[in-house]
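Heads up: take any position in the sequence shown, counting from 1, add 7, and you land on this note's numbering.
Note that CB positions come from ideal geometry on N, CA and C, so glycine has one too.
Predicted, not measured: the structure shown is a model, and the values here were computed from it.
Below is one structure, written out as structure tokens; the observations come after it.
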Amino acid sequence: MLLVIMGAQGTGKGTVAGILCENLGIVQLSTGDIFRKNLKDNTKLGIEANKYMSQGQLVPDEITVPMVAEALDSSESKNGIILDGFPRTTEQAMRLDEILKERNKKIDMVINLCSPREEIIERMITRRICPNCKATYNTKLSKPKVEGICDKCGAELTQREDDKSEEAINNRLEIYDTQTAPVLNYYKEKGIVLEEEITISKNRMAKEAAADVIEKLNEKGI
Ligand code: AMP
Numbered sequence: 008m009l010l011v012i013m014g015a016q017g018t019g020k021g022t023v024a025g026i027l028c029e030n031l032g033i034v035q036l037s038t039g040d041i042f043r044k045n046l047k048d049n050t051k052l053g054i055e056a057n058k059y060m061s062q063g064q065l066v067p068d069e070i071t072v073p074m075v076a077e078a079l080d081s082s083e084s085k086n087g088i089i090l091d092g093f094p095r096t097t098e099q100a101m102r103l104d105e106i107l108k109e110r111n112k113k114i115d116m117v118i119n120l121c122s123p124r125e126e127i128i129e130r131m132i133t134r135r136i137c138p139n140c141k142a143t144y145n146t147k148l149s150k151p152k153v154e155g156i157c158d159k160c161g162a163e164l165t166q167r168e169d170d171k172s173e174e175a176i177n178n179r180l181e182i183y184d185t186q187t188a189p190v191l192n193y194y195k196e197k198g199i200v201l202e203e204e205i206t207i208s209k210n211r212m213a214k215e216a217a218a219d220v221i222e223k224l225n226e227k228g229i
């Protein structure tokens with residue numbers, strides 16, 4: 008199974024993708040998580056990617072695309088994969104098509120999450136992440152049991168560098184509107200977007216959205 012999850016930053020993509028992985032027995036490939044892990048480990052890739060990430064800009068395709076191709080070939084992804092944060096431009100979507108064609112694979116479904124813009128900004132500012140196991144929390148909506156500590160692995164929670172700067176937040180949302188939103192049309196034309204948008208808002212949490220997605224995938228026999 009190959010799924011793509013789309014939606015602006017702060018819509019809960021990562022959280023929904025995580026729940027889908029647990030339920031469907033597939034793995035999550037988050038390009039942002041790979042970059043952050045590399046930065047934490049101080050690798051050349053991480054240092055290079057951070058020049059762009061810290062500004063809220065896209066990391067160049069020469070770095071990002073081969074990294075995704077490699078992850079698609081890994082044995083961990085043999086049961087299925089959900090792409091989270093890739094593709095982010097129509098060019099990346101076309102490159103992904105080529106990569107999949109070479110491997111005789113195809114995207115089964117594209118999931119589109121959405122949230123009201125004011126909530127998105129608030130969620131980015133209040134988001135906290137576990138640098139160890141990647142669990143995501145929120146200082147208002149989904150607090151950990153012990154403040155500042157990951158429920159799952161006990162590591163100290165941190166704030167993403169690009170969530171600290173208003174400029175980086177605005178850059179990312181602008182890139183989403185101008186470069187990433189058109190990717191959805193690219194997939195709509197191919198007829199592989201899972202019906203209408205799946206909404207997450209203060210009244211409707213990630214768990215419900217994930218259950219909704221699973222029901223729709225079942226209905227379609229995916
Ligand atoms: P995310 O965790 O998905 O919000 O990604 C964090 C940052 O990583 C983005 O703001 C970009 O700088 C970089 N990034 C993640 N995915 C991509 C991608 N597909 N193409 C280019 N840059 C990316």
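Distance from Thr96 to Gln16 at the Cβ level is roughly 15 angstroms; contact not present, criterion being Cβ atoms closer than 8 angstroms. Here the distance from the Cβ of Gly14 to the nearest heavy atom of the ligand AMP is not below 7 angstroms. Straight through space, the alpha carbons of Arg211 and Leu120 are spaced by roughly 12 angstroms. Looking at the backbone, the Cα of Thr133 and that of Lys147 are separated by about 7 angstroms. Contact between Gly21 and Thr143 holds: CB atoms are separated by about 6 angstroms, below the 8 angstroms threshold. Taking 7 angstroms as the cut-off, the C-beta of Leu65 counts as close to a heavy atom of the ligand AMP.
In this structure, Leu65 lies away from Ile106, with their beta-carbon atoms at least 8 angstroms apart.
With a threshold of 7 angstroms, the Cβ atom of Asp184 does not count as near the ligand AMP, since no heavy atom of the ligand is closer than that.
Residue Val11 holds the alpha-carbon nearest to the alpha-carbon of Lys113 among Arg124, Asp48, Val11.
Of all C-beta pairs linking the stretch 82-102 to the stretch 24-33, three or more are shorter than 8 angstroms, placing the two stretches in contact. Contact between Pro189 and Ala162 is ruled out by a C-beta separation of about 37 angstroms, above the 8 angstroms threshold. Taking all protein chains shown into account, Met101 has fewer than 16 neighbouring C-beta atoms within 10 Å of its C-beta and is therefore exposed. Annotation: Leu52 to Arg130 spans about 28 angstroms, alpha carbon to alpha carbon. In this structure, Tyr194 and Val117 form a Cβ contact; the two beta carbons are roughly 4 angstroms apart against a cut-off of 8 angstroms. Apart from the 5 residues on each side of it in sequence, Lys141 sits with its Cβ closer than 6 angstroms to the Cβ of Asp40 in its chain, given in chain order.
Annotated three-state conformation of Ser82 is helix, per DSSP. Between Ser61 and Asp169, the C-beta gap is smaller than 8 angstroms, which places the two residues in contact. Relative to the ligand AMP, even the nearest heavy atom lies 7 angstroms or more away from the CB of Ser172. Ranked by Cα distance from Gly92, the first of Leu224, Ile221, Arg179 is Arg179. Assigned with DSSP and collapsed to three states, Glu163 falls in strand.
Between the alpha carbons of Ile70 and Arg43 lies a distance of about 14 angstroms.
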